[in-house]
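S.K.:
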Amino acid sequence: MARKLLPVLFFLFMQLAVFAQQSGTPFITNFTTDTYKASKQNWAAVQDQRGILYFANNDGILEYDGVTWRLINIGAVRTLAIDSTERIYVGQSGDLGFFPNILYFLNPAT
Numbered sequence: 001m002a003r004k005l006l007p008v009l010f011f012l013f014m015q016l017a018v019f020a021q022q023s024g025t026p027f028i029t030n031f032t033t034d035t036y037k038a039s040k041q042n043w044a045a046v047q048d049q050r051g052i053l054y055f056a057n058n059d060g061i062l063e064y065d066g067v068t069w070r071l072i073n074i075g076a077v078r079t080l081a082i083d084s085t086e087r088i089y090v091g092q093s094g095d096l097g098f099f100p101n102i103l104y105f106l107n108p109a110t
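Be aware that the sequence shown starts at 1, since it is given in the working numbering, and climbs by one per residue.
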């Protein structure tokens, strides 16, 4: 009985080892310009404390919450930085500024 069980256990153990090797593969999703409705060139990316991603794009600032893309159309943005107060600094060609509260610009009614 033990001789018959040993190959089965060995086979099951090897299957687990193979699955363990695959678990280290990163989850990557590629988005096309048709998905986020902006220019194909993105210059920078930052993430706020809530997990929202912001991208410096040739058409403005892209916001992605994991489901929905939004565009703040302010022209070509080349760089972004965010501080601990959620202020987003925006660098454009020959210009530098910030949004004190990015949520106001995305949803002014709230």
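Using N, Cα and C, we set each Cβ at its ideal position, and we do this for glycine too.
Just so you know, these numbers come straight off a predicted model, no measurement behind them.
1. So who's on the other strand from Trp69, going by DSSP bridges?
2. Closest by CA to Ala56, which one among Asp83, Ile72, Arg78?
3. Hey, out of Leu80, Gln47, Ile74, whose CA is closest to Tyr64's CA?
4. Between Leu5, Ala81, Thr29, Lys37, which has its C-alpha nearest Ile72's C-alpha?
5. Pop quiz: Leu53 and Ala45 are said to be a contact at Cβ under 8 Å. What is the actual Cβ separation, rounded to whole angstroms?
6. In the structure shown, what three-state DSSP assignment does Trp35 receive?
M.R.: Taking the coordinates as given:
1. DSSP lists Tyr64 as partners of Trp69.
2. Distances from the CA of Ala56 to each of Asp83, Ile72, Arg78 were compared; the closest alpha carbon is that of Arg78.
3. Of the listed residues, the one whose Cα sits closest to Tyr64 is Gln47.
4. For the residues Leu5, Ala81, Thr29, Lys37, the minimum Cα distance to Ile72 belongs to Lys37.
5. Indeed they touch by this definition, with Cβ atoms about 6 Å apart.
6. Note on identity: in this sequence residue 35 is Thr, with Trp being the wrong assignment. In this structure, Thr35 counts as helix in the three-state DSSP scheme.
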